[in-house]
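End of the sequence shown = 525 in our numbering, gap-free, step of one. Idealized CB from N, CA, C, for every residue including glycine. All figures in this text were calculated on a predicted structure; none of them were measured in a lab. To start, the structure under review is shown below, and the notes come after it.
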Amino acid sequence: MFDLCVIGGGIYGCGVAQAAAANGLSVLLVEKEELASGTSSQSTKLIHGGLRYLEQGRLKLVYEALAEREILLRIAPGLVERVWVHIPVYASSRRSRAWVGAGLALYWLLSAGRSPMRGFAPERSPVPALRREGLRWVWAYTDASTDDARLVSAVAENARRFGCEIRTHCALERAEAHKGRWKIALGDGSCVEARVLVNAAGAWIPEVAWRIAPAPPSPPVRLVQGSHLWLERPMEAFVYLESLDGRVMFVRPWRGRTLVGTTETEFSG
Ligand SMILES: Cc1cc2nc3c(=O)[nH]c(=O)nc-3n(C[C@H](O)[C@H](O)[C@H](O)COP(=O)(O)OP(=O)(O)OC[C@H]3O[C@@H](n4cnc5c(N)ncnc54)[C@H](O)[C@@H]3O)c2cc1C
257 MFDLCVIGGG
267 IYGCGVAQAA
277 AANGLSVLLV
287 EKEELASGTS
297 SQSTKLIHGG
307 LRYLEQGRLK
317 LVYEALAERE
327 ILLRIAPGLV
337 ERVWVHIPVY
347 ASSRRSRAWV
357 GAGLALYWLL
367 SAGRSPMRGF
377 APERSPVPAL
387 RREGLRWVWA
397 YTDASTDDAR
407 LVSAVAENAR
417 RFGCEIRTHC
427 ALERAEAHKG
437 RWKIALGDGS
447 CVEARVLVNA
457 AGAWIPEVAW
467 RIAPAPPSPP
477 VRLVQGSHLW
487 LERPMEAFVY
497 LESLDGRVMF
507 VRPWRGRTLV
517 GTTETEFSG
């Protein structure tokens, strides 16, 4: 019998499994496909405090995310690296140079001075690809970037080293509570028992919850959908851009191509 059975091999499932295994618990992680086959390999690949959340007044969230960013930079130097991100301010931008500068100063403060910022006049812009017409200023600040799928693999590998058993291509079929433990039927035809069951199935959390009896009291899940564009032409620098409708998105180099995104809309399908 396992102390813990974790459903889902994304960054959350692997993180929970790693923390539990490192604390001496016996852990089984099951993933219905490959590790990181869900959202955790399709992100914008940033480890960031979330500059845009400052505009929503979510200071605590940004503060905590920036602290986590520093931990990851320290413990995973080959996987998480600091990058300069550039914010161009145009005559037509909704956010003024002063507004963005104030936001970056707050970001710097919340990061305890670990997100330095710089400003450039248009003629000294460090990003030649930026349109010059109407360009008023370019801000630059530091955040962090990662290979999201590799990060999941590294966390899973570490969990394994602490004795965690990981089964891929093995979905949770059904789990039933029985005399204080969970009896769990898996897609590989086996049946295991665990004291605690963790539903870390990301966007599939509701679907997995339906397979659990009695149904766990799960908080309502708000699903959001994000899209990226892949451009063949490589961008030489990270840019955080305001689109025509005021939304902000990253334009970032990634393996010889350019990743643009992300949108964020509620999903109810
Ligand atoms: C477009 C986009 C861009 C993003 N960019 C960033 C970013 O730059 N930085 C950042 O920090 N965050 C970003 N995020 C958020 C981040 O990617 C997610 O919060 C994170 O990946 C969610 O991880 P997860 O482990 O919860 O889910 P997932 O990675 O989706 O993992 C869930 C896993 O559960 C498995 N599963 C489902 N059902 C079962 C079952 N019955 N049995 C077994 N396994 C099952 C799935 O196959 C899947 O692998 C972004 C999100 C989106 C959508």
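_When Trp340, Gln312, Arg308, Ala332 are compared against Asp404, the one with the closest alpha-carbon_ = Position 148 of the sequence shown holds residue 404. Answer by Cα proximity: Ala332.
*Would you say Arg353 and Trp393 are within 8 angstroms of each other, going by their C-beta atoms?*
Taking the first residue of the sequence shown as position 1, residue 353 is located at position 97. Taking the first residue of the sequence shown as position 1, residue 393 is located at position 137. Yes, Cβ-Cβ distance for Arg353 and Trp393 is below 8 angstroms.
*Just tell me which of Arg467, Ile461, Pro490, Glu429 has its CA closest to the CA of Pro476.*
One-based indexing of the sequence shown puts residue 476 at position 220. Nearest of Arg467, Ile461, Pro490, Glu429 to Pro476, Cα basis: Ile461.
*Hey, His304 and Asp399: beta-carbon distance below 8 angstroms or not?*
Within the sequence shown, residue 304 is the residue found at index 48, counting from 1. Within the sequence shown, residue 399 is the residue found at index 143, counting from 1. In this structure, Asp399 lies closer than 8 angstroms to His304 by Cβ.
*Under the criterion of a Cβ to heavy atom distance below 7 angstroms, does Lys316 qualify as lining ligand 1?*
By one-based count along the sequence shown, residue 316 stands at place 60. Distance from the C-beta of Lys316 to the nearest heavy atom of ligand 1 is not below 7 angstroms.
*CB of Ile327 to nearest heavy atom of ligand 1: below 7 angstroms?*
For the purposes of this step, residue 327 is identified with residue 71 of the sequence shown, where counting begins at 1. No, the beta carbon of Ile327 sits no closer than 7 angstroms to any heavy atom of ligand 1.
*Kindly indicate which three-state DSSP category Asn414 falls into: helix, strand or coil?*
In the sequence shown, counting from the first residue as 1, residue 414 sits at position 158. DSSP places Asn414 in the helix class (H, G or I) of the three-state scheme.
*Would you say the beta carbon of Val452 comes nearer than 7 angstroms to a heavy atom of ligand 1?*
Here the question's residue 452 lines up with position 196 in the sequence shown. No, since every heavy atom of ligand 1 falls outside the 7 angstroms radius drawn around the Cβ of Val452.
*Would you identify the three-state DSSP class for Glu429, choosing helix, strand or coil?*
Residue numbering aside, residue 429 sits at position 173 when the sequence shown is read from its first letter. Residue state, collapsed to three classes: strand.
*Consult DSSP for Arg330 and reduce its assignment to one of helix, strand or coil.*
Start at 1 with the first residue of the sequence shown, and residue 330 comes out as number 74. Helix.
*Is Ile303 near ligand 1, in the sense that its beta carbon is under 7 angstroms from a heavy atom of that ligand?*
Position 47 of the sequence shown, counted from the first residue, corresponds to residue 303. Yes, the Cβ of Ile303 comes within 7 angstroms of a heavy atom of ligand 1.
*Please classify Ile327: is it buried, with 16 or more other beta-carbons within 10 angstroms of its beta-carbon, or exposed?*
Residue 327 sits at position 71 when you count from the first residue of the sequence shown. Classification of Ile327: exposed, given that the 10 Å Cβ count is below 16.
*Any idea if Asn455 is buried or exposed, counting beta-carbon neighbours within 10 angstroms, 16 or more meaning buried?*
Locating residue 455 in the sequence shown gives position 199, where the first residue counts as 1. Residue environment for Asn455: buried (at least 16 other C-beta atoms within 10 angstroms of its C-beta).
*CB-CB under 6 angstroms to Pro509, same chain, minus the five flanking residues each way: which ones, in chain order?*
Here residue 509 refers to the residue found at position 253 of the sequence shown. Excluding sequence neighbours, Pro509 sits near Pro490, Met491.
_Distance check for Arg374 and Glu380, CA to CA, integer angstroms please._
Within the sequence shown, numbered from 1, the residue matching residue 380 stands at position 124. Within the sequence shown, numbered from 1, the residue matching residue 374 stands at position 118. In the sequence on display, residue 380 carries Arg and not Glu. Near 12 angstroms, if we compare the C-alpha coordinates of Arg374 and Arg380.
*asked:* At the level of alpha carbons, what is the spacing between Gly266 and Leu307?
replied: Position 10 of the sequence shown holds residue 266. Position 51 of the sequence shown holds residue 307. For Gly266 and Leu307, the distance between alpha carbons rounds to 24 angstroms.
*Cα-Cα separation between Leu302 and Ser401, rounded to whole angstroms*: Taking the sequence shown and counting its residues from 1, the one referred to as residue 302 is at position 46. Taking the sequence shown and counting its residues from 1, the one referred to as residue 401 is at position 145. Distance between the alpha carbons of Leu302 and Ser401: 4 angstroms.
_With DSSP as the reference, identify every bridge partner of Val480, one or two as the case may be._
The count along the sequence shown starts at 1 and reaches residue 480 at position 224. Paired residues: Glu522.
*Should the segment 412-419 be regarded as contacting the segment 275-289, the criterion being three or more beta carbon pairs within less than 8 angstroms?*
yes
*Is Trp460 near ligand 1, judged by its Cβ being under 7 angstroms from some heavy atom?*
Within the sequence shown, numbered from 1, the residue matching residue 460 stands at position 204. Yes, the beta carbon of Trp460 sits closer than 7 angstroms to at least one heavy atom of ligand 1.
*Return the first residue and the last residue of the beta strand (DSSP E) that Trp583 is part of.*
Since the displayed the chain opens at 257 and closes at 525, residue 583 lies outside it and no answer follows.
*Find out if the Cβ-Cβ distance for the pair Met257, Arg416 is shorter than 8 angstroms.*
Here residue 257 refers to the residue found at position 1 when the sequence shown is read from its first residue. Here residue 416 refers to the residue found at position 160 when the sequence shown is read from its first residue. No. Outside cutoff.
*Using alpha carbons as the reference points, say which of Leu362, Thr518, Gly419, Ile440 lies closest to Gly313.*
In the sequence shown, counting from the first residue as 1, residue 313 sits at position 57. Distances from the alpha-carbon of Gly313 to those of Leu362, Thr518, Gly419, Ile440 put Leu362 closest.
*Any heavy atom of ligand 1 closer than 7 angstroms to the CB of Glu421?*
Locating residue 421 in the sequence shown gives position 165, where the first residue counts as 1. Distance from the C-beta of Glu421 to the nearest heavy atom of ligand 1 is not below 7 angstroms.
*Any idea if Trp355 is buried or exposed, counting beta-carbon neighbours within 10 angstroms, 16 or more meaning buried?*
Along the sequence shown, read from residue 1 onward, the residue named residue 355 stands at position 99. Classification for Trp355: exposed.
*Return the Cβ separation of Arg467 and Glu429 in integer angstroms, given the expectation that the two are a contact with Cβ distance under 8 angstroms.*
As a position in the sequence shown, residue 467 is number 211, starting the count at 1. As a position in the sequence shown, residue 429 is number 173, starting the count at 1. Indeed they touch by this definition, with Cβ atoms about 7 angstroms apart.
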